[in-house]
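Numbering (this note's numbering), first residue to last: 167 to 236.
Glycine included, every Cβ here is placed at the ideal spot set by N, Cα and C.
Fair warning: this is a prediction, and the values are worked out from it, not measured in the lab.
What follows is a short report on a single structure.
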Amino acid sequence: MFFLLAMKVISTFKNEWENKISIDFQAMYGFLFAQYASFKIMEINPAVATITFKALVIRYLKILFYKSFY
């Protein structure tokens, strides 16, 4: 259910995303994606889920940091 909602959000905002919509929205989306990915992996292997979550959050924080200088 959450995956379908996320896909709807992606398809709805795809054009706006490509046109550099607000940095806050990109960070929020990245954080939600990291949570969802870690939740799905948690069902398989909890240790990998923690590492994946941290890596994805760090990735989107870097995006925020670099985009703040544009």
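May I have the straight-line CA-CA distance separating residue i from residue j, to the nearest angstrom?
i, j, result
"Q201", "L230", "17 Å"
"I224", "E209", "22 Å"
"K228", "M194", "13 Å"
"Y226", "A203", "14 Å"
Smallest Cα separation from residue i: which of the options?
i, options, result
"F205", "Y195, T216, G196", "T216"
"F219", "M194, F199, Y232", "F199"
Three-state secondary structure (DSSP) at residue i?
i, result
"I229", "helix"
"I210", "coil"
For chain B, check one thing: does any of its Cβ atoms lie closer than 8 Å to the Cβ of residue i?
i, result
"F199", "The chain labelled as chain B is not found in the depicted structure, where only one protein chain is given."
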